[in-house]
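>
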Amino acid sequence: MLAVNPHYLSLQKSYLFTDIARKVQAVREADPGRRIISLGIGDVTKPLVPAVVEALRKASLEMGEAEGFRGYGPEHGYAFLREALARDYRELGVKLDIDEIFIGDGAKSDIGNFQELFAEDAVVAITDPVYPVYVDSNAMAGRAGLPVDGGRFSKLVYLPCTKENGFVPDFPRTAPDIVYLCCPNNPTGTALDRSALEAWVTYARMHGCLILFDAAYEAYVTEPGIPRSIYEIDGAREVAVEFRSYSKTAGFTGLRCSCTVVPMELALPDGRGWKVGLNGLWNRRQCTKYNGCPYIVQRAAEAVHTPEGRRQVQAVVAGYLDNASTLVSSLRELGYEVFGGVNAPYIWTATPHGMDSWSFFDLLLQQAQLVCTPGRGFGFAGEGYVRLTAFGTPEDTIEAVARMKAL
Ligand code: PLP
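For the sequence shown, our numbering begins at 786 and goes up steadily by one.
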């Protein structure tokens, strides 16, 4: 008899943000007069920049003309966008062939789907706290094992990122096959500097592991010693796949566009004594299951790489980083211990008086009508922290601080 994929049953019952939304809704219903400020979910609030809107308009009109109409596009993505990305990478000193760049409809789906290329028994390491998609997508594939010990998965290797290790994951005693690194990091808002990233690339090369590098927040890097791409590190092409997103870079959370870089050097054993290139396998996967990001969206993404578009999106990112800076300095003044917020739009805030993260979440929601994200929702090492985002409006950010002060 047909049964469901049993691995789905090992997933936690509801997604973190669903739990939060439920609690927020309850407070809203209990007192509809109170305005709730959300610095919880990581969605942007500023509209698309004019260069992007103009590109969308132009591409939409093109699609309405016989000569301009496009049907199915190349699964890899249009060359105009891959070339624009390759030019951007070149500015970082990174040389990529455009066939190494795949356009997708979001880093969430790219990252979630990429694990399909690996054997079911591959050993996966994730940082703790972590962006939950790495965990859940591997759990769905049966690679995470069973939840034990309060939600930890039996087969995953957890790499705690704590203030004690400066939020830099230590190397596991036994090398995993795959390690997910997110830099700048969601949720801690911290970033790996060049030497930390070099050490990880060296480790991966020594132990034959593959790094899946999530650079969704690279646009937020402000400090000179922080690489924006893992390929800025020598030798990374042989050990790393990189994911980028237009979501937080250019406000594409509702438009959907991303890129995955799969260098030609990456190859894994096929179990029959040969090696198979990951670039070809990912291409095969995309050609079979994906028909490409919409033409008009790719034109919009291309506009982000023009001098005008770039100036405009950088101004938006700078605005979010101003919010981050307001949160960091004000919370420190209030006596909170905070991390991040310099190279990332997230502020990782230690809860006061040893409160657990859900209790502090409840306190902020009930007494300040302020929504954050409990750190525990990102993993065990997230206990004792909450995540605040810099994606609110400047007014809401200032108001949020005032409410925390009044607590
Ligand atoms: N990676 C990280 C670390 C994220 O925080 C997010 C979104 O919040 C994503 C990937 C997903 O980005 P996208 O909107 O491109 O799917």
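Just so it is clear, CB atoms sit at the ideal spot from N, CA and C, and this is done for glycine as well. As the structure is a prediction and not an experimental result, all values here were calculated from the model.
Under the rule that 16 or more other beta-carbon atoms within 10 Å means buried, what is Gly974, buried or exposed?
Locating residue 974 in the sequence shown gives position 189, where the first residue counts as 1. Under this definition Gly974 is a buried residue.
> Any heavy atom of the ligand PLP inside 7 Å of the beta-carbon of Ser922?
Looking up residue 922 in the sequence shown gives position 137. Ser922 Cβ: outside cutoff for every heavy atom of the ligand PLP.
> For the ligand PLP, is there any heavy atom lying closer than 7 Å to the beta carbon of Asn1128?
As a first step, residue 1128 is located in the sequence shown; it is residue number 343 there, counting from the start. Not so, every heavy atom of the ligand PLP lies at least 7 Å from the Cβ.
> Could you name the residues that DSSP lists as bridge partners for Asp895?
Along the sequence shown, one-based indexing puts residue 895 at 110. Paired residue(s): none; Asp895 is not in a bridge.
> Within 10 Å of its beta-carbon, does Asp873 have 16 or more other beta-carbons around it, so buried, or fewer, so exposed?
Counting from 1 along the sequence shown, the entry for residue 873 is found at position 88. Buried, because 16 or more other Cβ atoms sit within 10 Å of the Cβ of Asp873.
> Please enumerate, following chain order, all residues with a beta carbon closer than 5 Å to at least one heavy atom belonging to the ligand PLP.
Matched residues: Gly827, Gly891, Ala892, Lys893, Tyr916, Cys967, Asn971, Asp999, Ala1001, Ser1030, Ser1032, Ser1043.
> Which of the three DSSP states is assigned to Pro932 in this structure?
Counting from 1 along the sequence shown, the entry for residue 932 is found at position 147. Three-state result, Pro932: strand.
> Grab the span of the alpha helix (DSSP H) containing Arg979 for me, first residue to last.
For the purposes of this step, residue 979 is taken as residue 194 along the sequence shown, with counting starting at 1. Segment 979-992, the alpha helix (DSSP H) holding Arg979.
> Determine, using beta carbons only, whether Arg867 and Ile896 come nearer to each other than 8 Å.
As a first step, residue 867 is located in the sequence shown; it is residue number 82 there, counting from the start. As a first step, residue 896 is located in the sequence shown; it is residue number 111 there, counting from the start. No, they are not a contact pair.
> Would you mind working out which of Arg1022, Gly951, Leu846 sits nearest Pro1123, comparing C-alpha positions?
Here residue 1123 is taken as the residue at index 338 of the sequence shown, counted from 1. Residue 1123 is actually Val in this sequence, not Pro. Comparing Cα-Cα distances from Val1123 to each of Arg1022, Gly951, Leu846, the minimum goes to Gly951.
> May I ask you to list the residues that DSSP assigns as paired with Tyr1131?
Along the sequence shown, one-based indexing puts residue 1131 at 346. Looking at the DSSP assignment, Tyr1131 forms a beta bridge with Thr1174.
> Quick one: what's got a C-beta closer than 7 Å to Lys808's C-beta in the same chain, skipping five residues either side?
Along the sequence shown, one-based indexing puts residue 808 at 23. Answer for Lys808: Leu1150, listed in chain order.
> On a CA-only basis, which of Ala1187, Leu1155, Met1140, Gly1125 is nearest Val953? Give me that one, please.
As a position in the sequence shown, residue 953 is number 168, starting the count at 1. If we check each option's Cα against that of Val953, Gly1125 comes out closest.
> Taking a contact to mean a Cβ-Cβ separation below 8 Å, would you say Thr1091 touches Ala836 in this structure?
The sequence position of residue 1091 within the sequence shown is 306, counting from 1. The sequence position of residue 836 within the sequence shown is 51, counting from 1. Yes, these two residues count as a Cβ contact at 8 Å.
> Look at the alpha carbon of Gln1097 and the alpha carbon of Val834, and state the distance between them as a whole number of angstroms.
Indexing the sequence shown from 1 puts residue 1097 at position 312. Indexing the sequence shown from 1 puts residue 834 at position 49. Those two C-alpha atoms are separated by around 6 Å.
> Could you spell out where the beta strand (DSSP E) holding Lys1060 opens and where it closes?
Residue mapping note: residue 1060 aligns to position 275 of the sequence shown, counting from 1. Unbroken beta strand (DSSP E) run through Lys1060: 1060-1062.
> Among Pro957, Leu995, Ile1018, which residue has its Cα nearest to the Cα of Ser980?
For the purposes of this step, residue 980 is taken as the residue at position 195 of the sequence shown. When each option's Cα is compared against that of Ser980, the closest is Ile1018.
> Can you tell me whether Arg1117 is buried or exposed? The criterion is at least 16 other CB atoms within 10 Å of its CB, across all chains shown.
Looking up residue 1117 in the sequence shown gives position 332. Classification of Arg1117: exposed, given that the 10 Å Cβ count is below 16.
> Does the separation of the CB atoms of Ala907 and His792 fall below 8 Å?
For this step, residue 907 is matched to residue 122 along the sequence shown. For this step, residue 792 is matched to residue 7 along the sequence shown. No, the Cβ-Cβ distance between Ala907 and His792 is not below 8 Å.
> I'd like the list of long-range same chain contacts for Gly1104, defined as Cβ closer than 8 Å, with 5 residues on each side in sequence excluded.
Taking the first residue of the sequence shown as 1, we reach residue 1104 at position 319. Excluding positions up to five away in sequence, the list reads Lys831, Pro1179.
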